[in-house]
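The opening residue of the sequence shown carries number 1310 in the numbering used here; numbering runs sequentially from there. We put the CB at the ideal spot given by N, CA and C, even for glycine. Source: prediction; values computed, not measured.
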Amino acid sequence: MDTIKRIDPRRPFSITAEGLKRITLGFVGVAGDVQAGAVVGHREQTKPRRTTATAQRSLLVAAHSDRGSLDDHARQTLAAAALLADSTTQVVLLVLGELKDDAAALGADKVIEMAAFDRRAFAPDAALNALAACVAAYSPAHVFLPDNATGDGALGRRYAAQAKASVATHVVEIDAVHVAVYTQARKAFAVRSLPDVILLAPNAVDARLPFIGAGERVASEQFLVEDHQKTSPYKDLGIEEIDAAQVALEEADFIVSAGNGVTDVPAFERLASTVGAAIGASRVAVDDGKFPRDKQIGATGKTVDASIYIAFGISGAVQHLQGIKDCRHVIAVNLDASAPIAKRANLTIIGDAQETITALTDAAAAARNARANPGSLTPSGGQASATAKLEGALA
Ligand SMILES: Cc1cc2nc3c(=O)[nH]c(=O)nc-3n(C[C@H](O)[C@H](O)[C@H](O)COP(=O)(O)OP(=O)(O)OC[C@H]3O[C@@H](n4cnc5c(N)ncnc54)[C@H](O)[C@@H]3O)c2cc1C
1310 MDTIKRIDPR RPFSITAEGL KRITLGFVGV AGDVQAGAVV GHREQTKPRR
1360 TTATAQRSLL VAAHSDRGSL DDHARQTLAA AALLADSTTQ VVLLVLGELK
1410 DDAAALGADK VIEMAAFDRR AFAPDAALNA LAACVAAYSP AHVFLPDNAT
1460 GDGALGRRYA AQAKASVATH VVEIDAVHVA VYTQARKAFA VRSLPDVILL
1510 APNAVDARLP FIGAGERVAS EQFLVEDHQK TSPYKDLGIE EIDAAQVALE
1560 EADFIVSAGN GVTDVPAFER LASTVGAAIG ASRVAVDDGK FPRDKQIGAT
1610 GKTVDASIYI AFGISGAVQH LQGIKDCRHV IAVNLDASAP IAKRANLTII
1660 GDAQETITAL TDAAAAARNA RANPGSLTPS GGQASATAKL EGALA
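What follows is the structure, encoded as structure tokens:
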């Protein structure tokens, strides 16, 4: 069995700082040099600026941010532009939403942050106008967007249609001269030269760059077309809040999860409903009959990608960790500081699950009360100290 290489023969090459690469177990095949001389290891070190030459040409990357951050897919798209840019090309990043990330480290030379846009706000015409205004200002050779279903994919297609621009969607392979997409039910590749608008599929690019960009902020007001609400045929009716318990675990952004260390299940469920989180559980908790099978998270349960995952009394067995590998912030509450979950967690509270659940429920309820009527009491003493770290992490 060892002699069989696990490789999909139709898997495309990924663009990295070292050129196009296909990585199989125990073998690295280099398909060609995209950008000579940019090879540096990926260990943390002071990275050089990609270029300091005067820009004569631009590549534009546009993406929505999510709570101040670009997700992996957007970072890969930005990295693609940075890897393809030559020394006289600048990479301009348009962020629809707030950006707290270090844009230079992600490869951007210029950053236009439009904080008024947000994934939660539906303003397709305004986003399209903003993108068109940036294109008009920089005349980029190519426009890059992540081909996702959360706004950027649609924005790229709408822009291409409006500007009558050439477009390639779901691009799985890219270098300085070509893009490739799957065709014939993934049996073949279609290859063409770089079009005006490039919508990148996830994981076509290694986002680890051996250089940084200039990261210069550009005032965004000049690109905003005023009062789109008046002219747009679309109306944003806002987001309808639903009970967190009704959200499928795979879609939940905030999950509290119980393991064998949780004995007071009603208190745990009260916490979930107070903080508006979906409920998950370890296999042991499910096997014990404390939760239904569809709440199980892990290798033989659900895979989740919540922004916040709080694991109460869960040891962090490898099968459980498999289900939470894509979660952004993991917080563990465990009596045992050496439990494997502590290695995965961004924050570990060494303490009793039941006490922390009660303290956190009280703190959340008090915070809600205080918001409703200013002047009411907040938790004090030990309770406050037990919840302070959690509140900070949740802020
Ligand atoms: C083929 C296979 C597939 C599997 N699939 C899954 C899966 O999909 N999902 C899954 O979760 N597991 C799965 N498992 C099981 C997995 O290996 C573990 O047994 C399981 O995840 C352990 O659950 P647990 O952490 O809740 O319980 P335990 O291992 O018993 O750990 C309980 C933890 O709670 C802590 N604790 C105890 N009391 C308290 C307290 N009062 N306050 C705070 N902390 C406390 C303990 O220190 C301990 O770390 C699978 C196993 C196999 C073999």
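- Would you decide whether THR1540 is buried or exposed? Buried here means 16 or more other CB atoms lie within 10 Å of its CB. In summary, THR1540 is exposed, with fewer than 16 beta-carbon neighbours lying within 10 Å of its beta-carbon over all protein chains present.
- Mind checking whether the beta-carbon of SER1475 lies closer than 6 Å to any heavy atom of ligand 1? no
- Task: In the DSSP assignment, find the beta strand (DSSP E) that holds ILE1650 and state where it starts and stops.
- Result: No beta strand (DSSP E) contains ILE1650, which is instead part of the alpha helix (DSSP H) from 1650 to 1653.
- Query: Smallest Cα separation from ALA1441: which of ASP1456, ARG1428, ALA1586 and LEU1464?
  - Reply: It is LEU1464.
- Query: Would ILE1650 pass as a contact of ALA1641 if the rule is Cβ separation under 7 Å?
  - Reply: Yes; because the gap between Cβ atoms is below 7 Å, this pair is in contact.
- Message: Using C-beta distances below 6 Å, list every residue in its chain close to PHE1577, excluding the 5 sequence neighbours before and after it, in chain order.
- Response: ALA1567, VAL1571 and ILE1666
- Query: Could you check where the alpha helix (DSSP H) with ILE1259 kicks off and where it finishes?
  - Reply: This structure does not reach residue 1259, given that the chain is present from 1310 up to 1704, and the question cannot be answered.
- Task: With a 10 Å radius around its C-beta and 16 neighbouring C-beta atoms as the bar for buried, classify PRO1683 as buried or exposed.
- Result: exposed
- Have a look at GLY1346 and LEU1454 and give me their C-alpha separation to the nearest angstrom. Low per-residue confidence applies at GLY1346: pLDDT is 38, beneath 50, and the placement is therefore not dependable, though the value from the model is reported in the following sentence. Answer to the nearest angstrom: the Cα atoms are 27 Å apart.
- Mark GLN1365 as exposed unless 16 or more other C-beta atoms lie within 10 angstroms of its C-beta, in which case mark it buried. exposed
- Item | Own chain, CB closer than 8 Å to THR1459, minus 5 neighbours either side, in chain order | The answer, listed in chain order, is HIS1373 and ARG1428.
- Message: Considering only heavy atoms of ligand 1, does any lie closer than 6 Å to the CB of ASP1596?
- Response: no
- Only counting runs of 4 or more residues, tell me where the alpha helix (DSSP H) segments fall wholly within the stretch 1356 to 1393, in order along the chain. 1381 to 1393
- Inspect the beta-carbon positions of GLN1605 and ALA1590 and report whether they are closer than 7 Å. yes
- Message: Considering just the uninterrupted stretch of the beta strand (DSSP E) at SER1566, what are its terminal residues?
- Response: Here the beta strand (DSSP E) through SER1566 covers 1563 to 1567.
- Message: Can you check which of these residues, ASN1569, LYS1652, ALA1581 and ARG1467, is closest to ASP1661 by C-alpha distance?
- Response: ASN1569
- Quick one: residues in its chain with C-beta nearer than 6 Å to the C-beta of PRO1511, no 5 flanking neighbours on either side, listed in chain order? HIS1382
- Query: Would DSSP call ILE1324 helix, strand or coil?
  - Reply: strand
- Message: On a Cα-Cα basis, can you pick out the residue from THR1609, ALA1608 and HIS1629 that is closest to TYR1618?
- Response: HIS1629
- Could you give the distance in angstroms between the alpha-carbon of ASN1643 and the alpha-carbon of LEU1546? Using only the alpha carbons, I get a separation of about 42 Å.
- Query: Does DSSP put ILE1666 in a helix, in a strand, or in coil?
  - Reply: helix
- Grouping DSSP H, G and I as helix and E and B as strand, with all else coil, what is TYR1543? coil
- Message: Do PHE1520 and LYS1409 have their beta-carbon atoms positioned less than 7 Å apart in this structure?
- Response: no
- Message: Taking the beta carbon of GLN1555 as the centre, do at least 16 other beta carbons fall within 10 Å, making it buried, or is it exposed?
- Response: With fewer than 16 other CB atoms across the displayed protein chains lying within 10 angstroms of its CB, GLN1555 is exposed.
- Query: Expressed to the nearest angstrom, what Euclidean distance is found between the alpha-carbon atoms of THR1397 and GLY1522?
  - Reply: 13 Å
- What do you reckon, are the CB atoms on LEU1558 and VAL1627 nearer than 7 Å? no
- Identify which residue in THR1361, GLY1585 and GLY1524 has its Cα closest to the Cα of ASP1552. GLY1585
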